[in-house]
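My numbering numbers the first residue of the sequence shown as 2 and each following residue consecutively.
A virtual CB, placed ideally from N, CA and C, is assigned to each residue, including glycine.
It should be emphasised that the depicted structure is a prediction, and the values quoted were computed from it without experimental measurement.
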Amino acid sequence: MQKISPFLWFDTQAEEAMKFYTSIFNNSKIGRVTRYGDAGPGPAGSAMVAEFELEGLRFIALNGGPMFKFTEAISMVVDCKDQAEVDHYWYALSEGGQPGQCGWLKDKFGLSWQIVPEALPRLLSDRDGAKAGRVMQAMLQMTRIEVAKLEAAAG
Numbered sequence: 002m003q004k005i006s007p008f009l010w011f012d013t014q015a016e017e018a019m020k021f022y023t024s025i026f027n028n029s030k031i032g033r034v035t036r037y038g039d040a041g042p043g044p045a046g047s048a049m050v051a052e053f054e055l056e057g058l059r060f061i062a063l064n065g066g067p068m069f070k071f072t073e074a075i076s077m078v079v080d081c082k083d084q085a086e087v088d089h090y091w092y093a094l095s096e097g098g099q100p101g102q103c104g105w106l107k108d109k110f111g112l113s114w115q116i117v118p119e120a121l122p123r124l125l126s127d128r129d130g131a132k133a134g135r136v137m138q139a140m141l142q143m144t145r146i147e148v149a150k151l152e153a154a155a156g
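Quick look at the structure:
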């Protein structure tokens, strides 16, 4: 059993979000959905809690109402092996959402994601400070991270 799980608060879209996220990640599965009964507070039969897994990580989503919204203070990081993987997650998760800077995006539910190719931390931590600085400057100009441009900046 996973000891700590991300718990995501939605207004009414927990089940929709669960289906959206599990459609994007290959190694995912839909878990239990607990529904509101006649006692509410949500409409009877609507999802109250939706459980799902993405890449082996258990998530819990709650339809708790409009009181709380996602902010960039919390984000999900997706580590990608190459540009094809970056592109897959970037375009799928940003559909209906909003691109941000430096590989960040907000999905259609307002949840922030960072789509990070393995090349980025490797190049940013290079012992050659000038090289790492050029990579940083290149990254700061990007929305979706482009590995070829990072490598070109590294020289």
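DSSP places K30 inside the beta strand (DSSP E), whose first and last residues are 29 to 36. For R59, the closest alpha carbon among the candidates Y22, G134, F69 is that of Y22. Close CB contacts of R135 within its chain, under the 6 angstroms cut and outside five residues either way in sequence, are with A154 (chain order).
Relative to the Cα of C81, the nearest Cα in the group T35, L121, L151 belongs to L121. A direct Cα-to-Cα measurement between S113 and R145 gives close to 14 angstroms. When the beta-carbon positions are compared, A139 and L63 stay at least 8 angstroms from each other. Under the three-state reduction of DSSP output, K150 falls in the helix class.
Counting C-beta pairs closer than 8 angstroms gives fewer than three between the segment 34 to 53 and the segment 77 to 94, which falls short of the contact rule.
In the displayed model, I75 falls within coil according to three-state DSSP, outside both helix and strand. About 7 angstroms separates the Cβ atoms of V117 and V79, confirming a contact at the 8 angstroms cut-off. Looking at the DSSP output, P67 sits in no beta bridge, so it has no partner there. If you compare the alpha carbons of A51, S126, G156, D39 with that of P7, the shortest gap goes to A51. Straight through space, the alpha carbons of A74 and W105 are spaced by roughly 12 angstroms.
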